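Please read the structure below before turning to the comments.
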Amino acid sequence: MYRYFVRLSREGEAGGGRQLTHVLQEKLHALSTAINSLQLVEPSCAWLDSICEADDQISPSKKPRNLLMENSAFGTDSELSTLQFCVDIEILEKEYTLTEALYMLSTVNSKSKFSESYSIEALTDILVNENLYDLAFTIVLKFWKESGMKRELERVFAAIAQQCCPNRVGNSGEKFD
4 MYRYFVRLSR EGEAGGGRQL THVLQEKLHA LSTAINSLQL VEPSCAWLDS
54 ICEADDQISP SKKPRNLLME NSAFGTDSEL STLQFCVDIE ILEKEYTLTE
104 ALYMLSTVNS KSKFSESYSI EALTDILVNE NLYDLAFTIV LKFWKESGMK
154 RELERVFAAI AQQCCPNRVG NSGEKFD
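Each residue of the sequence shown is one higher than the one before, counting from 4 in the working numbering.
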């Protein structure tokens with residue numbers, strides 16, 4: 004299913020709004036299946052090979068993830084270029100969250116079109132503008148850590164306050180007394 008997700012991502016989202024919604028929904032199903040499958044196995048084995056290898060390979064490599072990581076520490080540059088990148092549950096969950104946000108934006112009649120080339124900050128701004136606050140907070144909690152998360156949460160709360168109470172909040176996000 005992860006390979007199906009990668010294939011959908013490679014093919015792009017050409018073809019209009021209705022087809023875009025369908026493609027994003029298919030990507031969500033594929034990611035959900037991959038995440039659920041990885042949750043069924045031992046955490047040390049819960050990873051997938053990236054899709055750098057040829058598409059005709061039937062089954063992924065069975066090497067333990069730790070062995071791949073150890074080899075990358077001692078390999079030469081040419082060996083590193085052929086070494087595969089491992090995709091774990093955390094990466095899949097982040098991709099699922101981004102795809103879910105894009106899907107929700109495609110289902111609402113969004114005035115602003117989001118492209119994957121935009122920053123995550125821009126995505127949270129668009130989600131707040133479209134009143135999709137839960138997804139905006141989910142993205143903040145998934146992608147930022149420690150003080151970066153605090154700054155981003157303050158920024159999102161200020162944007163929500165500005166949107167909900169425009170008369171009580173100034174441009175800088177501070178209340179007037």
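Every residue gets a Cβ at the ideal spot worked out from N, C-alpha and C, and that includes glycine.
A quick note: this is a predicted structure, and the numbers were derived from the prediction, not measured.
Asked                                                                                         : Found
Contact the stretch 97-108 vs the stretch 137-152: 3+ CB pairs below 8 Å                      : yes
Beta-carbon proximity list for P67, same chain, < 6 Å, skipping 5 on both sides               : Because P67 carries a pLDDT of 48, less than 50, the predicted location of this residue cannot be relied on, and the following value inherits that uncertainty. None.
C-beta atoms of V131 and V90 nearer than 8 Å                                                  : no
Segment limits, alpha helix (DSSP H) that includes V44                                        : First-last for V44: undefined, no H or E at that position.
Reduced DSSP category for L135 - H, G, I as helix; E, B as strand; rest coil                  : coil
Backbone CA spacing between L23 and E155 [nearest angstrom]                                   : 29 Å
Inter-residue spacing [alpha-carbon to alpha-carbon] between V9 and P169                      : 42 Å
Pair within 8 Å by beta-carbon distance, I163 and Y121                                        : no
Backbone secondary structure at D128 - three-state DSSP                                       : helix
Proximity to E96 [Cα-Cα], best of T36, S47, T127, L11                                         : T36
Cβ-based neighbour list, T110, same chain, cut-off 8 Å, excluding 5 preceding and 5 following : T24
Contact set for I142: own chain, Cβ-Cβ below 8 Å, skip 5 residues either direction            : T100, L101, A104, I123, L126, T127, L130
Cβ-Cβ distance between L11 and Y106 below 8 Å                                                 : no
L34 to Y5 span [Cα, whole Å]                                                                  : 6 Å
Residue closest to Q166, alpha-carbon to alpha-carbon, out of L27, A139, I94, N134            : N134
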